[in-house]
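Residue numbers (the working numbering): 56 to 229. Backbone N, C-alpha and C define an ideal beta-carbon position, used for all residues, glycine too.
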Amino acid sequence: MCHSIARVIARCAPLTVLAVILLAWGDGAAVTAPSVASHTRSPARTAGLTDPDVASFVKLMNRHRISIGLSPLVWDSRAAAVAEAHSQDMSDQDYLTHGWSGGGSTWNRLAARGVTYSRAGENIAWGQPTGSAVLTAWLRSPGHRENIENARYTHHGVGKVGTYWTHIFLRPRR
Numbered sequence: 056m057c058h059s060i061a062r063v064i065a066r067c068a069p070l071t072v073l074a075v076i077l078l079a080w081g082d083g084a085a086v087t088a089p090s091v092a093s094h095t096r097s098p099a100r101t102a103g104l105t106d107p108d109v110a111s112f113v114k115l116m117n118r119h120r121i122s123i124g125l126s127p128l129v130w131d132s133r134a135a136a137v138a139e140a141h142s143q144d145m146s147d148q149d150y151l152t153h154g155w156s157g158g159g160s161t162w163n164r165l166a167a168r169g170v171t172y173s174r175a176g177e178n179i180a181w182g183q184p185t186g187s188a189v190l191t192a193w194l195r196s197p198g199h200r201e202n203i204e205n206a207r208y209t210h211h212g213v214g215k216v217g218t219y220w221t222h223i224f225l226r227p228r229r
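Here it is in C-alpha cells:
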C-alpha cells in the first residue's frame with residue numbers, strides 16, 4: 056500500500072521528491088566488505104556516465120558543491136551500479152521507496168558489492184526527466200539538499216531508469 060500511495064503523491068505533485076535517508080556510522084560500523092578503491096579527483100573521471108542526463112546531473116551537482124565551497128564528489132562505479140539497480144527495480148515494480156521490492160536495503164547491496172563506508176546517504180526521485188530538473192527538485196527539499204551539500208560525503212554514484220533516480224553518497228572507510 057505504501058508503494059501505491061507514494062506513486063499517487065508523486066503523480067499528483069509536480070517535482071515531488073519523496074523520502075530522503077541519511078544514515079551515518081561511526082568508526083565502529085559493522086560494514087566489513089573491502090574498502091572502496093581510491094579515485095583521483097580529476098573532473099574527467101566519468102567512467103560509467105553513459106546516460107547524458109546522469110552526466111549532466113553530476114556536472115551541475117558538482118558545480119553547485121564547488122559554488123558553496125565544497126569539493127566535488129568523486130564517481131564510484133560500484134555505488135553507481137547499486138543506484139542503477141535500485142532505479143531499475145523501482146521502475147520495474149512501479150514503486151518509490153528506499154527499500155527494495157525483494158527485501159533488503161541499499162546498504163546491504165553496497166556491502167555485497169564490496170563497498171565499505173563510514174557514512175552513506177541516498178536520495179531518490181521520480182518524475183524528473185533531466186539532470187537539471189532532479190537537481191532543482193532535490194535542492195528545494197531540505198533533506199535531499201543536506202545530502203548534496205554534506206561535506207562529509209566524498210564519493211557518489213547515480214542511477215537513472217526512465218524518470219526514476221537514485222543518488223548514493225559515500226564517505227569510504229579508510
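Asked	Found
Which of helix, strand or coil DSSP assigns to Glu-303	Here the chain covers residues 56 to 229 and nothing more, so residue 303 does not appear.
CA nearest to the CA of Trp-130, picked from Lys-114, Ser-187, Arg-229 and Ile-123	Lys-114
Same chain, Cβ closer than 8 Å to Thr-209, five either side skipped, listed in chain order	Ser-126, Leu-128, Val-129, Leu-225, Arg-226 and Pro-227
Through-space distance from Asn-178 to Asn-202, alpha-carbon basis	8 Å
Local Cβ density within 10 Å of Asn-163, reported as buried at 16 or more and exposed below that	exposed
Beta-ladder partner(s) of Ile-179, from DSSP	Thr-221
Proximity winner among Gly-186, Arg-168 and Trp-181, relative to Asn-117 (alpha-carbon distances)	Gly-186
Unbroken stretches of the beta strand (DSSP E), 3 residues or longer, contained in the stretch 139–173	none
Neighbourhood of His-222 by C-beta distance below 6 Å, restricted to the same chain and skipping five residues each side	Asn-178 and Val-213
CB-CB length for Lys-215 against Val-137, believed under 8 Å	With 8 Å as the limit, Lys-215 and Val-137 do not qualify as a contact, their Cβ atoms being about 13 Å apart.
Continuous alpha helix (DSSP H) stretch holding Gly-214: start and end	Looking at the DSSP string, Gly-214 is not in any alpha helix (DSSP H); the run it does join, the beta strand (DSSP E), is 210–216.
Helix, strand or coil at Pro-197 according to DSSP, with G and I counted as helix	helix
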